[in-house]
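One structure is given here, and the rest of the page talks about it.
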Amino acid sequence: MQASRLTEIAAMSTNQLGALSRIQLRTLNATQVGALATSQIAAMSTVQVSNFAVTQLGALSQSQLGAMSSTQINALTAIQIQGLSNTQIGGLSFAQIDGLSTPQIGAFTTSEISALTPTQISAMLPSQIGGITQAQIDA
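Position 125 (the sequence shown) corresponds to 610 in my numbering; numbering is contiguous.
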């Protein structure tokens, strides 16, 4: 990867980034996604976030993932949720946890459930806790 390409991505305005299509976003590799500023991540639409490949989401740092709003987090698919690392899950904020849907919670792997902190669990609504299956708890 040429350093100039990374510099170009990092220099994109939030408006320029917002204009990228699904196909254009999907061409970004993990290094390029890792070069995005938190302000760029925060400015992405829910459609853009929901179109990230699992490998792209996996490349996000804690600060990048932390820049996502609860609405952006809610836009993630079950497959994307399952692709998050335990560290990423453990770093989700109170508001981000609150933004998860019951099906998203149900999509957590057993290790992702184990990665939840007591603070995160206390942030869950009863309907979200109801999304945790017995198999997730038993494992």
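Every residue gets a Cβ at the ideal spot worked out from N, C-alpha and C, and that includes glycine.
What you are looking at is a predicted structure, and each value in this text was computed from that prediction instead of being measured.
Separation of residue j from residue i, as counted between CA atoms
i	j	result
Met-529	Leu-502	7 Å
Gln-621	Ile-614	11 Å
Gln-567	Thr-594	6 Å
Thr-602	Ile-508	36 Å
Ala-538	Thr-604	29 Å
Pro-588	Glu-597	14 Å
Thr-618	Ala-592	9 Å
Ser-554	Gly-576	13 Å
Gln-557	Leu-542	12 Å
Ala-560	Ser-535	5 Å
Val-518	Leu-491	9 Å
Ser-548	Gln-565	18 Å
Ile-606	Leu-513	33 Å
When the options are compared against residue i, the one with the closest alpha-carbon
i	options	result
Ala-520	Ala-592, Thr-595 and Met-497	Met-497
Val-532	Arg-511, Gln-517 and Ile-617	Arg-511
Gly-551	Ile-617, Gln-581, Ala-560 and Ser-586	Gln-581
Leu-505	Gln-525, Ala-515, Ser-596 and Gln-573	Gln-525
Whole alpha helix (DSSP H) elements within the segment 496-547, 4-residue minimum | 499-503, 507-511, 515-519, 523-528, 531-535 and 539-543
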